[in-house]
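Engineer: First the structure, which I've put down as structure tokens, then a few questions once you've had a look.
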Amino acid sequence: MDFVTNSSSTCFVIIVDEELKFDEFINVIGIKNDSSFRDIYESLFYAFKDNLEPAREFINTCRWRQDGESVEDFISRMYPPKTLEKFKEAEQKGKKVFMGWLSSENNVIESFFCTDYFIIDSKNIYIDYSVDGW
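Numbering (numbering that gives the first Met the number 0), first residue to last: 0 to 133.
Here is the structure:
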């Protein structure tokens, strides 16, 4: 018997003051040091970290970008309005805006997180992980 499998990727936006830091990430996720889930979120952190690109560079080479589409139009089409607002505000304030994607084909942690989506909006970190969750 044959079966069909499907892979998925999830595109994300991360906005930080300077760089994505593990301690800040774990704190905004709400995971304590002794949590059984810490390893899972540590893996997610490093998956994000390994796939970060400056947002404008990412969009300029992104396979989901339509011909002639501006960076702002791309974000507006792919993400909720608040993410475009955060993007513009971050660039004006000199914050770092990154984008990237995770794939269900890479490992079990990325595969797990490709089945869901979330948005984190804290003082120091904004993460929109809402595009193309299964």
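No residue lacks a Cβ here, since even glycine has one placed at the ideal position from N, Cα and C.
Name the one or two DSSP bridge partners that E52 has.
Structural biologist: Locating residue 52 in the sequence shown gives position 53, counting from the first residue. Paired residues: M98.
Engineer: Hey, how far is the Cα of I39 from the Cα of F112?
Structural biologist: As a position in the sequence shown, residue 39 is number 40, starting the count at 1. As a position in the sequence shown, residue 112 is number 113, starting the count at 1. Using only the alpha carbons, I get a separation of about 10 Å.
Engineer: Whose C-beta lies closer than 8 Å to the C-beta of F73 among residues of the same chain, with five residues either side of it excluded?
Structural biologist: As a working note, residue 73 is residue 74 in the sequence shown. Excluding sequence neighbours, F73 sits near I58, C61, W63, R64 and Q65.
Engineer: Would I13 and L43 qualify as a contact pair, given that the criterion is a beta-carbon distance under 8 Å?
Structural biologist: As a first step, residue 13 is located in the sequence shown; it is residue number 14 there, counting from the start. As a first step, residue 43 is located in the sequence shown; it is residue number 44 there, counting from the start. Cβ atoms of I13 and L43: not closer than 8 Å.
Engineer: Between the alpha carbons of D22 and V70, how many angstroms are there, rounded?
Structural biologist: Mapped onto the sequence shown, residue 22 falls at position 23. Mapped onto the sequence shown, residue 70 falls at position 71. Each residue's Cα considered, the two are about 30 Å apart.
Engineer: Within this structure, are the beta carbons of V130 and C10 separated by less than 8 Å?
Structural biologist: What you label residue 130 is simply residue 131 of the sequence shown in a count that begins at 1. What you label residue 10 is simply residue 11 of the sequence shown in a count that begins at 1. Against a cut-off of 8 Å, the Cβ pair of C10 and V130 comes out as a contact.
Engineer: Less than 8 Å between the beta carbons of F24 and I124, yes or no?
Structural biologist: Here the question's residue 24 lines up with position 25 in the sequence shown. Here the question's residue 124 lines up with position 125 in the sequence shown. Yes. Within cutoff.
Engineer: When DSSP labels each residue in this structure, what does F11 get in the three-state scheme?
Structural biologist: Residue 11 sits at position 12 when you count from the first residue of the sequence shown. Strand.
Engineer: Exposed or buried, S103, counting other C-beta atoms within 10 Å across all chains shown (16 or more means buried)?
Structural biologist: By one-based count along the sequence shown, residue 103 stands at place 104. S103 comes out buried.
Engineer: Name the one or two DSSP bridge partners that Y128 has.
Structural biologist: As a working note, residue 128 is residue 129 in the sequence shown. F117.
Engineer: Which residues in the same chain have their Cβ closer than 8 Å to the Cβ of D16, if we skip the five residues on either side of it in sequence?
Structural biologist: The sequence position of residue 16 within the sequence shown is 17, counting from 1. Hits under 8 Å: K94, K95 and N123.
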